[in-house]
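The sequence shown runs -14 to 415 under my numbering. Ideal Cβ positions, reconstructed from N, Cα and C, are used throughout, including at glycine. Since the model is a prediction, treat every value here as computed from it, not as a measurement. What follows is a single structure, written as structure tokens, with notes after it.
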Amino acid sequence: MAEKLVTTPTQTPNDEDAQNENIRCLTTLGHFGFECLPYQLVNRSIQQGFFFNILCVGETGIGKTTLINTLFNTNLKDNKSSHFYSNVGLKVKSYELHETNVQLKLTVVKTVGYGDQINKEASYQPVVDYLDAQFEAYLQEELKIKRSIFEYHDSRIHACLYFISPTGHSLKSLDLLTMKNIDSKVNIIPLIAKADTISKSDLQKFKNRIMSELTNSGIRIYQFPSDDETTTHVNPSTNGLLPFAVVGSMDEVKVGKRIVRGRHYPWGVLQVENENHCDFVKLRDMLLCTNMEDLKEHTHFHHYECYRCRKLQNLGFTDVGPDNQPVSFQELYETKRQEFQDQCQWEEEELKQKFMQRVKEKETSFKDAEKELQDKFEHLKKVQQEEIMKLEEDRRQLEEEITNFYKMKTASEPGPTQAPSTKKDRDRKK
Ligand SMILES: Nc1nc2c(ncn2[C@@H]2O[C@H](COP(=O)(O)OP(=O)(O)OP(=O)(O)O)[C@@H](O)[C@H]2O)c(=O)[nH]1
Ligand SMILES: [Mg+2]
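Rendered as structure tokens:
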């Protein structure tokens, strides 16, 4: 029976718990000091600082920069993008922010040229590639023998703010396609951008339509956890507000005697931080105040875990052997090494056989070609000899004819004139 002693034996065991879990739960009667453990963690975390990585996906000019500036109440300088990029790109910027004694290293990644191409089929790919690349970098760091635990900058994205155009109609196919492709890699928080351009009644209908479209398409967006005691009073109701209708502005506007951040219109002022006007405050609270740690945990324990699992399985790693028994890393390495060596040997053997086969084939074809050439040569030689013999015969006949001709000519001529000598006679005289 496993028994974990929680503290010194001066305490009273709780018999019921012990029976239930085989672990003795004891309450300390004195002060030991480990109640300060949470403070140690807080102090260390404050000293080390925090980091948070946000990805903003949305069309050019939809209000990404303005919203991020409004969220952190800072001017995180960023130039406007052009509408004429042939591909979607990503802009990565890191900032160090301070609030009282807490330091936050913030990385903001924004899409550039998103939704501007005529063919939008591959628009989601750079986003998917970026998310995977950050997981891969983390995995590579994890697998290193010498890891730079403190220096390594974890660039995995913790939250993706997906900016939906305030059309009041429905999601665009690009929205569905992108969200479908990234929902297993990142925590998606959908936002209706520039929500001040939609009326209150239209907004609620738009929100409902978006949520039902996401559900119908099987897209999983991030749900603020409702099982966490510390956030259970806010999170479930906040999930009902998704997608958040947000308005961004860094302008300061006078409302009565107060100066607020908002957008000034001829008919009035939209106050960014007024919960009756938009969901900006809810988004900020959920993102930065209440659920930042959960977003990071969900990224690490869910999205990264899935990536890691898939990647290691593709590389041939496994936790259990064929007999369903756990295998050690050493065993796995040896098996893989043996498999690799066998494979190499097999491939080498196959290559050798292929080579021999090719050599044989070439030898046969060379022999055939040589024989063919020899036959041709013999044939030509024979033809030439026959030709020579025929020519010799022709010449002999011709000379005979010439001799006969001169003989006849001499015979027919009167007087003792001599017949002209034939070529043969002339040659003999010489
Ligand atoms: N009505 C309204 N206008 C907004 C809102 N947020 C931003 N804008 C305006 O929209 C324009 C573009 O805003 P940006 O924040 O630069 O948009 P962006 O998405 O960062 O643009 P790029 O980085 O160029 O893709 C600016 O004129 C903003 O003032 C909003 O909530 N409502
Ligand atoms: Mg911008």
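The residues C41, G43, K95, F148, in chain order, have a CB closer than 7 Å to that of K49 in the same chain once the five nearest residues on each side in sequence are set aside.
Close CB contacts of K165 within its chain, under the 8 Å cut and outside five residues either way in sequence, are with S202, G203, I204 (chain order). Judged by pairs of C-beta atoms under 8 Å, the segment 139 to 156 touches the segment 173 to 180, as three or more such pairs exist. Listed in chain order, the non-local C-beta contacts of H83 below 8 Å within the same chain comprise L89, local neighbours out to five positions each way being set aside. Per DSSP, Q88 is one residue of the beta strand (DSSP E) stretching across 87 to 97. With a threshold of 7 Å, the Cβ atom of I149 does not count as near ligand 1, since no heavy atom of the ligand is closer than that. Residue pairing by DSSP places P175 opposite Y147 in a beta bridge.
In the DSSP annotation of this structure, the continuous segment of the alpha helix (DSSP H) that includes F351 starts and ends at 314 to 397. Per the C-alpha coordinates, the member of I130, H68, K78, T55 positioned closest to K179 is T55. At a threshold of 7 Å, T92 does not count as near ligand 2, since its beta carbon sits no closer than that to any of the ligand's heavy atoms. Contact between F209 and N224 holds: CB atoms are separated by about 5 Å, below the 8 Å threshold.
Runs of alpha helix (DSSP H) with 4 or more residues, each lying fully within the segment 220 to 253, are found at 220 to 224, listed in chain order. In this structure, the alpha-carbon of G301 lies about 11 Å from that of C294.
For V312, the closest of D304, C21, S133 by C-alpha to C-alpha distance is D304. If you compare the alpha carbons of R243, D117, V240, S184 with that of A230, the shortest gap goes to S184. The beta-carbon separation of V238 and H249, rounded to 5 Å, stays under the 8 Å limit for a contact. Shown here, N166 sits in a helix according to DSSP, grouped into three states.
Judged by their CB atoms, V93 and I142 are not nearer to each other than the 8 Å cut-off. If only complete runs of 3 or more residues are kept, the segment -2 to 73 shows the beta strand (DSSP E) at 35 to 42, in order along the chain.
Taking 7 Å as the cut-off, one finds at least one heavy atom of ligand 1 near enough to the beta carbon of G48.
It is roughly 40 Å from the alpha-carbon of C329 to the alpha-carbon of D168.
Leaving aside the five residues that flank M271 on each side, the residues in its chain whose CB is nearer than 7 Å to its CB run, in chain order, F209, T223. For K78, the three-state secondary structure derived from DSSP is strand.
Here L26 is exposed: its Cβ has fewer than 16 other Cβ atoms, across all protein chains shown, within 10 Å.
Closest in C-alpha terms to L61, from the list W252, Y80, H68, comes Y80.
For H283, the enclosing alpha helix (DSSP H) has its first and last residue at 277 to 283. Counting along the chain, the unbroken alpha helix (DSSP H) around Q110 starts and ends at 110 to 128.
The closest CA to that of F135, considering only T395, T85, G34, is found on G34.
Nearest Cα to Y123 within the set W252, V219, K105, E290: E290. Cβ contact annotation for V77 (same chain, cutoff 6 Å, sequence separation greater than five): V94, in chain order.
Each residue's CA atom was taken as its position, placing T284 and L336 some 47 Å apart. Within the model, the alpha-carbon separation for G15 versus R29 is close to 26 Å. For F265, the enclosing alpha helix (DSSP H) starts and ends at 265 to 269. Less than 8 Å divides the Cβ of G74 from the Cβ of G98. A residue is called buried when at least 16 other Cβ atoms come within 10 angstroms of its Cβ; Y137 does not meet this threshold and is exposed.
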